[in-house]
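Taking it in order: structure first as structure tokens, then the write-up.
Chains as they are written, first to last, in our numbering: chain A, 1 to 305; chain B, 1001 to 1305.
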């Protein structure tokens, strides 16, 4: 099973017997409440709102969003709201977390706390699903947001995070392309050396439930014709499900190329913690915010099953 | 003056009183002769062919391309052909070089030779013009092909190469975006530190005839709305003419994103030597090869004037 587009993902989530519960930290924010509205109307999520209750109520009225009083926690202090959101996950009162009006670092602090947090022992990474204008299925790009210059072991964690997330969505054996500027291992380009190491780990069974290819250039990963011309024979060539970038500089430019240059749609969240964590930013489109909620709901459902 | 699209560039070159002379090294190659055909028919170039004359003649017949005998040099050995091409430039018998059937390193060896080569003292860099589906003008991306991990001084050279090339095309003061994952200078991200240094060099007048901005993210460089949301005020925001990438990993992914994900058109060559050097690869489209000849002809004309 692979997802062809976001429409398939939305249909899948709408078919679930019940909505997932999203715990929103610092929910007293107009953009956040607005983003929740459509997903609630579609029966995809039930919001659990933590934050400044006066503001929350104001925006709930403005956007005509109905949330029962027992799902609103009045915690005006932002850091306390983040802590409370994590507690609510521990208490089983939510399926995933969404960041409201606070800095990313603020919501992450209680998440990464060794004793009371939501860590799994692995690094956390940013998982982004992209719907591209000319590709035959959704494409994951990772990590363009969390790990800046991951080590080899951290890249392995990022792959594991990604594979686990895709399995929760129903994928059986995703194809991972560890991209670099060239396809040959060149000691002068550490990105190619590590891409090959990841492939070898996969061949030795140290990275499971996926096919890892690398080093592989982006065109070969996405375009079978380019692969054929260059004589690159691999099941990942022209059919990658996941692009693993070597660092945040590459990941950021790839992500921005997709959204700004190619006008693709995207949805994303942080994976590697016990539950997904959505970071929507003010510059994200309403569509991106909605799709991120859909994606997190889908993964939460998969993790439960 | 800025170029809106390739159509403008083609029209400009077609209006020149006479074609430019392209010296092709190892021209006994079907794809190369095929690529020359359209540019010759359009009156843009006159080919000077160096290589295995038997093969050259065979493909000239096949593609019905007429080249006078005094413009064909029978030099079957590939390395000798590269040397001969450089000699012909020194003798004033050509305006720029195009690589035929040989490795990039082979054509570069005689070009970079300190005594007999075509060096200018600056590094050579890859200049690519991209025609994007949703941008209001052509965009230069550099360097995705020559310099792997340029130092700060080399990045300065790359900017100077690029500005000089754009001036030859008629640009007055191009806007250069030194892209990074974030807009703030962060010592943990050397890319942001160097982007800022380049901006400071520009402000101090050490990099001239252009506006350098950095660190700046790709979305802010290309999308005014993203810049406004993030409160980034700069003449380069949403209006960049040039994207300077920090290294080849970023440049390669950006280039492949443009051609494979966004299906943009591109044309490119190596700049920083005394004349442009075109590297067409077999996987390049016929359109890319044609446009690269057009671009080199335009720049050659500008350099002469």
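All residues carry an ideal CB built from backbone N, CA and C; glycine is no exception.
- One thing to note: residue 1143 of chain B has its Cβ no nearer than 8 Å to the Cβ of residue 1275 of chain B.
- If you draw a 10 Å sphere on the C-beta of residue 61 of chain A, you find fewer than 16 other C-beta atoms in it, and that means exposed.
- Under the three-state reduction of DSSP, residue 1125 of chain B is assigned to strand.
- Chain B places a beta carbon closer than 8 Å to that of residue 223 of chain A, counting this residue as a contact.
- Looking from the CA of residue 1249 of chain B, the closest CA among B:1023, B:1150, B:1187 and B:1014 belongs to B:1150.
- Along the stretch 108-138 of chain A, going in chain order, the ones with a CB nearer than 9 Å to a CB of chain B are 130, 132, 133, 134 and 135.
- Within chain B, the residues 1217, 1218 and 1219 have their CB atoms less than 7 Å from the CB of residue 256 of chain A, given in chain order.
- Annotated three-state conformation of residue 1074 of chain B is strand, per DSSP.
- The beta carbons of residue 1085 of chain B and residue 1097 of chain B sit closer together than 8 Å.
- With fewer than 16 other Cβ atoms from the protein chains shown falling within 10 Å of its own Cβ, residue 1014 of chain B counts as exposed.
- Among the residues of chain B, none has a CB under 7 Å from the CB of residue 280 of chain A; the nearest is roughly 13 Å distant.
- Not a single C-beta of chain A is nearer than 8 Å to the C-beta of residue 1150 of chain B.
- Residue-level contact check: residue 283 of chain A touches chain B, since one or more beta carbons of chain B fall below 8 Å from its beta carbon.
- For a Cβ distance threshold of 9 Å, nothing in chain A lies close to residue 1288 of chain B: the least Cβ distance comes to about 13 Å.
- With its beta carbon at least 8 Å from every one in chain A, residue 1142 of chain B lies outside the interface.
- The beta strand (DSSP E) runs lying completely inside the stretch 184-263 of chain A and spanning 3 residues or more are 211-216 and 242-244, given in chain order.
- Taken in chain order, the members of the stretch 1188-1202 of chain B whose beta-carbon sits within less than 9 Å of a beta-carbon on chain A are 1188, 1189 and 1191.
- Where residue 1280 of chain B is concerned, there is no enclosing beta strand (DSSP E), because DSSP gives it neither an H nor an E.
- Here residue 1177 of chain B is bridged, per DSSP, to B:1213 and B:1243.
- Note that the stretch 1030-1044 of chain B does not touch the stretch 1111-1122 of chain B; fewer than 3 beta-carbon pairs, one per stretch, sit closer than 8 Å.
- Neighbours of residue 250 of chain A across chain B, judged by C-beta separation under 7 Å: 1249, 1250 and 1253.
- Per DSSP, the continuous beta strand (DSSP E) segment holding residue 1022 of chain B begins and ends at 1020-1025.
- Here residue 1224 of chain B is exposed. Its C-beta has fewer than 16 other C-beta atoms within 10 Å.
- In summary, residue 1004 of chain B is exposed, with fewer than 16 beta-carbon neighbours lying within 10 Å of its beta-carbon over all protein chains present.
- Sequence-distant partners of residue 1137 of chain B (beyond 5 residues in either direction) whose C-beta falls short of 8 Å from its own C-beta, in its chain, are 1002, 1003, 1004, 1005 and 1241.
- Judged by pairs of C-beta atoms under 8 Å, the stretch 163-171 of chain A touches the stretch 291-303 of chain A, as three or more such pairs exist.
- Annotated three-state conformation of residue 6 of chain A is helix, per DSSP.
- In terms of beta-carbon proximity, residue 1259 of chain B lines the interface with chain A, with at least one pair separated by less than 8 Å.
- Residue 130 of chain A has A:139 and A:266 as its beta-bridge partners, per DSSP.
- In the three-state reduction of the DSSP assignment, residue 1047 of chain B falls in the strand class, which pools E and B.
- Annotated three-state conformation of residue 155 of chain A is helix, per DSSP.
- In the DSSP assignment, the residues bridged to residue 99 of chain A are A:25 and A:279.
- When DSSP reads this structure, residue 271 of chain A sits in a beta bridge with A:125.
- In this structure, the alpha-carbon of residue 235 of chain A lies about 11 Å from that of residue 227 of chain A.
- By alpha-carbon distance to residue 99 of chain A, the top candidate from A:16, A:50, A:154 and A:255 is A:50.
- For the stretch 169-180 of chain A, the beta-carbon criterion of a distance under 8 Å to any beta-carbon of chain B is satisfied by 179 and 180.
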